[in-house]
Amino acid sequence: MNRDAADRILSGVQRQLWVLTSASGERRGGLIATFVCRASIVKAMPRVLVSLSIRHHSTNLVRESGAFALHLLTDQDCDLVWRFGLVSGREIDKLAGLEVRGSVTGSPVLSRSAAWLDCRVETSMDTGDREVFLAEVVEASAGSDVVPLTVDEVLAKAPADKVARMDELFAQDAAVDSRLIEAFRCR
Ligand SMILES: Cc1cc2nc3c(=O)[nH]c(=O)nc-3n(C[C@H](O)[C@H](O)[C@H](O)COP(=O)(O)O)c2cc1C
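Each residue of the sequence shown is one higher than the one before, starting from 181 at the first, in the working numbering.
In C-alpha cells, the structure reads:
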C-alpha cells in the first residue's frame, strides 16, 4: 500500500473546524473536531456523523447524554482551537468563562457562536480507536455571513508553540490509535 499517497490525498481535503460540546449531569466539556459530516440529504431530516476518539472526556459525555452541540468556527475563533483542542476536560472545565446557553438536548451552546447545531444521537459504531455517532439535528442557528475556518487557515496563523504542541499530541494519539485499530482487526 502506498501510504504517502493515501496521506497526501486525505490531507489535501479541506477540513472545517468545529467545537463539539456535551454535558452529562453536572459534568460538561468539549473538544475540537474535524471528523464531522452531513449524513442526510433530506432537508426536513438533517443528520450528522461525528467520529470521536474513545479516549476523550467529551466522548464519554456524548455516550452518557446521547447528545452534543456542534459549533462551526470562523476566523474570530482561533482561541477556541487551543482551549478545546490541546487539553483534556477531565481536569478542567473548558467552558469556564465562556457564556453558554441551554438547548433542546441539554448540551451547552456557546453564545458567541454564529453557527451551531444541537444534535441527538440515533446510533453509534465502534471502530476500535473511534466511536462514530450518527445524530439527528434537532435545532440549529446560522448567521448569514459565516465563513468556516479550516485546519490549514488556523495552522497558517498559529503561534509556533501551539503547532508544536498539536504535532506532539497527534503523534501520541496516532501511536495509541494504531494499537487500538490493530486490536479491533484481530477481534
Ligand atoms: C485540529 C484538531 C482537530 C481534531 N479533530 C478531532 C476529531 O475529529 N475527533 C476527535 O475525537 N478529536 C479531535 N481532536 C482532538 C481533541 O480535540 C483533543 O484531544 C481534545 O483535547 C479532547 O478533549 P477532551 O478529552 O476534553 O474531550 C482534534 C484536535 C485538533 C487540534
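Backbone N, C-alpha and C fix where the C-beta goes; we use that ideal spot for every residue, glycine too.
query, result
"Selected residue, minimal CA-CA separation from Ser220, among Gly286, Ile361 and Leu229", "Leu229"
"Range covered by the alpha helix (DSSP H) that runs through Gly265", "Cys258 to Gly265"
"CB-CB length for Val326 against Asp298, believed under 8 Å", "Not confirmed; about 16 Å, so no contact."
"Asp353 beta carbon near ligand 1 (any heavy atom closer than 8 Å)", "yes"
"CB contact below 9 Å: Arg359 versus chain E", "Looking at the structure shown, chain E is missing, and only one protein chain is on hand."
"Check: Ser231 C-beta below 8 Å from any heavy atom of ligand 1", "yes"
"Check: Ser245 C-beta below 8 Å from any heavy atom of ligand 1", "no"
"Run of the beta strand (DSSP E) containing Ser233, from where it starts to where it stops", "Arg227 to Ser233"
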